[in-house]
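Colleague: In our numbering, the protein residues as written are -16 to 168. All C-beta atoms in this analysis are idealised placements derived from N, C-alpha and C, irrespective of residue type, glycine included. Only a predicted model underlies this, so the values are computations on that prediction, with no experimental measurement involved. Sharing a structure, written as structure tokens. Questions coming.
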């Protein structure tokens, strides 16, 4: 399967079955995250692997959206470590023009790498944005750190509902050379 096919195959799953993920597959998923690009190669992340059903149930309740019908078998919390960043804005390099929240983009890339590796292995997933106070309490995260994303993993339940995946056309999302407001709706 080429990359575009993989990207199109990736979907969000809210109904997981009971089949467990093999440790060897979980290791491949984590390895894909480890090799994600990051701003100035800062690698500002730490991953917490959650398999405890009670904790998974509680973490689902921290989601800002999502209506899970069955819990995933594994969750990976992507923790953004302040100590691997510069300043309170999670920048990745020093200087007056330092990007604001660069490291948030880095953690997004690592979660997407893991998401796509899971898809390539036939494992379904959902990327969750948790409420910070709740997730920090549940996972015992330090006050200065942040959990922007959690990746829920499992195998989709038989007969699971799929909403239609729609995408804007390339014409609607691209301009040539400079931004053209007439190209957007």
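(1) Would you please state the rounded distance, in angstroms, between the beta carbons of residue 87 and residue 73? I believe it to be under 8 angstroms.
(2) Count the other CB atoms within 10 Å of the CB of residue 108; is the residue buried (16 or more) or exposed (fewer)?
(3) Name the DSSP bridge partner or partners of residue 58?
(4) With a floor of 4 residues, list each alpha helix (DSSP H) that falls wholly inside the stretch 89 to 136, ordered by position along the chain.
(5) Would you report the Cα separation of residue 128 and residue 62, rounded to the nearest angstrom?
(6) Would the stretch 102 to 116 and the stretch 137 to 147 be scored as touching if the rule is three or more Cβ pairs under 8 angstroms?
(7) Report the residue ranges of all beta strand (DSSP E) runs contained in full by the stretch -10 to 37; include only those spanning at least 3 residues, in chain order.
(8) Helix, strand or coil for residue 165, going by three-state DSSP, please let me know.
(9) Helix, strand or coil: which one does DSSP assign to residue 153?
(10) Which value, in whole angstroms, describes the spacing of the CA atoms of residue 0 and residue 26?
Modeller: Let's see:
(1) That belief holds up - the Cβ atoms of residue 87 and residue 73 are roughly 6 angstroms apart, short of 8 angstroms.
(2) With 16 or more other Cβ atoms within 10 Å, it is buried.
(3) Bridge partners of residue 58: 33, 135.
(4) The qualifying runs are 115 to 122.
(5) Spanning the two alpha carbons is a distance of roughly 7 angstroms.
(6) The stretch 102 to 116 is in contact with the stretch 137 to 147.
(7) Whole beta strand (DSSP E) segments, 3+ residues: 28 to 33.
(8) The three-state secondary structure of residue 165, taken from DSSP, is helix.
(9) Secondary structure of residue 153 (DSSP, three-state): helix.
(10) When the Cα atoms are used, residue 0 and residue 26 turn out to be separated by approximately 33 angstroms.
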